[in-house]
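Residue numbers (numbering that gives the first Met the number 0), protein chains in the order written: chain F, 0 to 250; chain E, 0 to 192. Here is the structure we will look at.
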Amino acid sequence: MLTKRIIPCLDIKNGRTVKGVNFVDLRDAGDPVELAKQYAELGADELVFLDISATIEGRATTLDMVLHVAEQVNIPFTVGGGISSIEDVDALLQCGADKVSINSSAVKRPELVNDLSSKFGSQCVVVAIDAKQIDGQWKVHLAGGSIPTNIDLFEWAKDVEERGAGEILFTSMNHDGTKNGFANEALAKLSDLLNIPIIASGGAGNVQHFIDTFKEGKSDAALAASVFHFGEIPIPDLKKELKDNNIEVRL
Amino acid sequence: MKLIIINYGAGNIKSIQFAFNRLGYDAILSNDPKDIKSADKVIFPGVGEASSAMKMLKESGLDTLIPTLKQPVLGICLGMQLMCLHTEEGDTQGLGIFQTRVKRFSNRVKVPQMGWNVIKNLKSDLFKGVKENEYMYLVHSFYAEHCNETIAATDYEINYASALQHKNFYGTQFHPEKSSNAGAKILQNFIEL
């Protein structure tokens with residue numbers, strides 16, 4: 000049976016991981032390659048690197064990092080952040096990234112999703128959607144959640160699916176950073192509405208939250224950052240608990 | 000050991016090259032028929048869309064070369080699918096090495112299948128030392144139907160052929176280069192065939 004995926008997310012700036020990472024036995028916690036290898040060893044199913052470099056030089060350094068990750072890590076990984084053209088994607092795939100994640104650039108120019116999926120295949124096009132529930136309506140936000148739009152989450156998700164997205168990475172801004180659990184109601188609605196995999200993001204605080212998002216939220220994968228980076232939830236323990244709760248995972 | 004990865008413009012071949020590097024082998028990317036014919040082992044990769052991949056193969060004459068190869072050839076993902084008789088993707092004629100057809104998963108399941116699933120009923124030297132129900136990484140919307148050449152099976156919507164072998168030709172639907180240590184073992188086995 001296809002298993003549910005656990006995906007640690009690393010923020011990258013100028014080729015280095017940022018936000019605190021607190022791993023024992025890690026010589027250099029800022030080195031994304033070493034961190035990625037560690038996660039692969041621990042049983043992470045996939046990795047996401049989010050490039051938050053603001054400069055061209057920073058992005059070039061990130062490409063170099065992607066190459067080193069691809070050289071040394073034997074599980075799939077996605078790179079996101081600041082991708083807005085076929086050329087950007089081509090460069091990342093050439094360096095060995097398996098998938099790319101696009102967000103604001105897709106909202107600004109939805110044809111980008113069509114272009115990327117027809118050129119590189121749906122399997123490598125993840126559309127990330129940041130949305131916030133306001134007065135009962137889920138509205139898409141841009142630029143890391145800072146710019147609200149009038150676009151409805153569900154309509155947008157359906158639109159990008161039709162345009163050839165291979166996967167949706169949905170972050171609930173209401174839940175992100177709260178450690179109070181994932182947005183399972185919206186996730187389940189997405190999962191029912193779409194026929195492509197949905198990655199839950201935002202709100203992971205404990206093991207029960209992962210159980211809930213796979214059961215109630217019908218999520219195909221769950222992404223988290225700090226609970227993994229700070230060792231609050233060790234991935235082997237998490238997966239064992241999921242298995243004990245009859246959720247199919249790779250052990 | 001001369002190891003060639005056929006480079007016809009399809010997909011993420013760097014990952015395959017790196018996976019062999021990690022095992023201590025240099026793999027050369029090439030679409031030169033002379034190179035490919037003289038290799039000890041040939042990898043036939045493929046990610047993307049079937050009809051355009053087949054078009055690229057035809058443009059370089061590789062569609063007629065590949066079926067004549069005598070050394071071990073490993074098709075991965077779309078590479079394996081293109082070695083079959085036909086695929087529903089773009090209604091594409093395949094190379095006809097494996098006597099089976101490739102169909103699309105229905106919308107009763109999420110498509111693509113994306114993630115880790117198990118392989119079972121393992122039947123080939125390709126899987127020497129790999130245990131039944133080992134997890135492999137798969138990303139695909141189309142699957143090969145079972146035939147006499149099935150050497151591994153996977154369940155997703157239905158039970159289908161996740162690996163095939165005909166004489167010196169091998170194919171895996173999963174990505175051994177992305178399937179952690181067990182995937183590396185399969186690549187090592189291929190090298191040792």
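Glycine included, each C-beta is placed from N, C-alpha and C at the ideal position.
Check, Outcome
"Under 8 angstroms Cβ to Cβ from residue 2 of chain F, same chain only, skipping five residues before and after it: list those, please.", "44, 247, 248 and 249"
"Should the segment 23-30 of chain E be regarded as contacting the segment 134-146 of chain E, the criterion being three or more beta carbon pairs within less than 8 angstroms?", "no"
"Take every Cβ of the segment 144-153 of chain E, pair it with every Cβ of the segment 225-234 of chain F, and state whether three or more of those distances are shorter than 8 angstroms.", "no"
"Could you name the residues of the same chain whose beta carbon sits closer than 7 angstroms to that of residue 63 of chain F, not counting the 5 residues immediately before and after it, in chain order?", "14"
"Let me make sure I understand the geometry here. Which of F:96, F:212 and F:200 has the alpha-carbon closest to that of residue 124 of chain F?", "F:96"
"Leaving out five residues before and five after residue 36 of chain F in sequence, what residues of the same chain have Cβ atoms less than 8 angstroms from its Cβ?", "71 and 72"
"Check distances from the C-beta atoms of the segment 3-29 of chain E to those of chain F and list, in chain order, the residues that come in under 8 angstroms.", "10, 11, 13, 14, 17, 18, 20 and 21"
"Using beta carbons (cut-off 7 angstroms, strictly below), is residue 187 of chain F in contact with chain E?", "no"
"Name the chain F residues whose beta carbon is nearer than 9 angstroms to that of residue 112 of chain E?", "1 and 196"
"Do the segment 68-88 of chain E and the segment 163-170 of chain E make contact, defined as three or more Cβ pairs closer than 8 angstroms?", "yes"
"Name the two residues that bound the continuous beta strand (DSSP E) containing residue 138 of chain F.", "136-141"
"Tell me which residues of the segment 93-112 of chain F have at least one Cβ-Cβ distance to chain E shorter than 9 angstroms, keeping chain order.", "93, 94, 95, 96, 97 and 98"
"Where residue 113 of chain E and residue 95 of chain E are concerned, what is the direct C-alpha to C-alpha distance, given to the nearest angstrom?", "26 angstroms"
"Mind checking residue 16 of chain E: buried by the 16 CB within 10 Å criterion, or exposed?", "buried"
"Give the list of continuous beta strand (DSSP E) stretches no shorter than 3 residues that lie fully inside the segment 107-178 of chain E.", "112-118, 133-139, 141-143, 149-155, 157-165 and 168-171"
"State yes or no: is the C-beta of residue 170 of chain F within less than 7 angstroms of the C-beta of residue 200 of chain F?", "yes"
"Using a Cβ-Cβ cut-off of 8 angstroms (strictly less than) and excluding sequence neighbours within five positions of residue 151 of chain F, which residues of its own chain qualify?", "136, 137, 138 and 139"
"Under 8 angstroms: do the segment 25-41 of chain E and the segment 153-164 of chain E share three or more Cβ pairs, one atom per stretch?", "no"
"Taking the CB atoms as reference points, tell me whether residue 99 of chain F and residue 82 of chain F lie closer together than 7 angstroms.", "yes"
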